[in-house]
Amino acid sequence: MNKLTTYSWTPMPELLLHFAIPFSISAPIVGVRRAIVVGIVGMLPDVDALLHVHRSMTHSIIILTILSLIPLYITSFKLKEKSLALLSLLSLTTHPIMDMFQTYTPIIYPISNSSLQVSVKGDVLISQSITPYIQFQITSTQTNFQNFSVMDAPIFTSEGFIISLLLVAVPILSNLFKKHTKTT
-11 MNKLTTYSWT
-1 PMPELLLHFA
9 IPFSISAPIV
19 GVRRAIVVGI
29 VGMLPDVDAL
39 LHVHRSMTHS
49 IIILTILSLI
59 PLYITSFKLK
69 EKSLALLSLL
79 SLTTHPIMDM
89 FQTYTPIIYP
99 ISNSSLQVSV
109 KGDVLISQSI
119 TPYIQFQITS
129 TQTNFQNFSV
139 MDAPIFTSEG
149 FIISLLLVAV
159 PILSNLFKKH
169 TKTT
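If you read the sequence shown in my numbering, its first letter stands for residue -11, the second for the next number, and so on.
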């Protein structure tokens, strides 16, 4: 059995972004109410934290896709539910992809026992000349599902809050505007 430790926060997309991004993508397709469901589904991979193991098998797109096959099959006969199910699958799989751009994530577990991290950075050096450059790197480390006793992680940061607010507000305001113009 793994030793319990304190899980100190490592950079990760905050939980609110895991809701807001799938919500904003799906709202124009399935409507605001159903997009709320898709946004909530986007946060589900972090349920592993409630079991005191973070970035576990719930962050593998392989496992998430396999677990999604049953609901996809059940809903395949109804167009509205099929769209909701497909968007929910997209929402589930984008969660570990977003995490992978911040820290090591077991994205293709159990095919590989490595956790991957993608780092992309664009900068510009300004001196006598202007020199833009882009850095791209994929690194890996051995996957280690370790239990923790305490976890301190952000639900949102200042940047994440305003980005999430904009991502959620635009579809809602657009929906309200459409309803208002139909009644006038």
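All residues carry an ideal CB built from backbone N, CA and C; glycine is no exception.
Going by C-alpha distance, which of K68, P33, I58 and G19 is nearest Y94? Correcting the residue type first, residue 94 is Pro in the shown sequence and not Tyr. Comparing Cα-Cα distances from P94 to each of K68, P33, I58 and G19, the minimum goes to P33.
For F124, three-class secondary structure by DSSP: Correct three-state label for F124: strand.
Segment limits, beta strand (DSSP E) that includes G27: Premise fails: G27 lies in the alpha helix (DSSP H), V20 to M31, not in any beta strand (DSSP E).
Neighbour-count burial assignment, Y97, 16 or more Cβ in a 10 Å radius: By the 10 Å Cβ count, Y97 comes out buried.
So within the region 73 to 117, which uninterrupted beta strand (DSSP E) runs reach at least 3 residues, ignoring any that extend past its ends? Runs found: 102 to 114.
Do we get a CB-CB distance below 7 Å when we pair K109 with the residues of chain B? Here there is only one protein chain, and chain B is not present.
Considering only residues of the same chain and omitting the five flanking positions on each side of M(-11), which have a CB-CB separation below 7 Å? Since pLDDT at M(-11) reaches only 46, below the 50 mark, its modelled position is unreliable, and no value is offered.
Under three-state DSSP, which class holds F7? Helix.
Coil, strand or helix - S64 by DSSP: If DSSP states are grouped into helix, strand and coil, S64 belongs with coil.
Taking the beta carbon of P1 as the centre, do at least 16 other beta carbons fall within 10 Å, making it buried, or is it exposed? Burial call: buried.
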